[in-house]
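Report on the following structure.
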Amino acid sequence: MAEETIFSKIIRREIPSDIVYQDDLVTAFRDISPQAPTHILIIPNILIPDCERRVS
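If you're matching positions, the sequence shown starts at 0 in numbering that gives the first Met the number 0 and goes up one per residue.
Next up, the structure:
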């Protein structure tokens, strides 16, 4: 079973967030504690355990 993370909950919209873009591959949303005027996190929609096991 995939690991449950705050990011997976954001992707499934179980946690409120300001999603600015979402498609089959990635989700982009505004950081809740921005370090710049425009601070957007872009995350893959699938769990990638580490760089050695990345998906082709």
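Ideal placement from N, C-alpha and C gives every residue a C-beta, glycine not left out.
Residue i: first and last residue of the uninterrupted alpha helix (DSSP H) it sits in
i, result
"I5", "I5 to I10"
Neighbourhood of residue i by C-beta, 6 Å cutoff - its chain only, sequence neighbours within 5 removed
i, result
"H38", "D30"
Contact belief for residue i with residue j at Cβ below 8 Å, rounded distance in angstroms
i, j, result
"V19", "F28", "6 Å"
"E2", "L40", "Actually they do not touch by this definition, with Cβ atoms about 18 Å apart."
Spatial neighbours of residue i in its chain, beta-carbon cut-off 7 Å, leaving aside the 5 residues before and after
i, result
"K8", "I14"
"P43", "L24 and V25"
"D17", "F28 and R29"
Residue range of the unbroken beta strand (DSSP E) whose run includes residue i
i, result
"P43", "I39 to P43"
"I18", "I18 to Q21"
Proximal residues to residue i (C-beta, below 8 Å), its chain only, five neighbours per side dropped
i, result
"R12", "I18"
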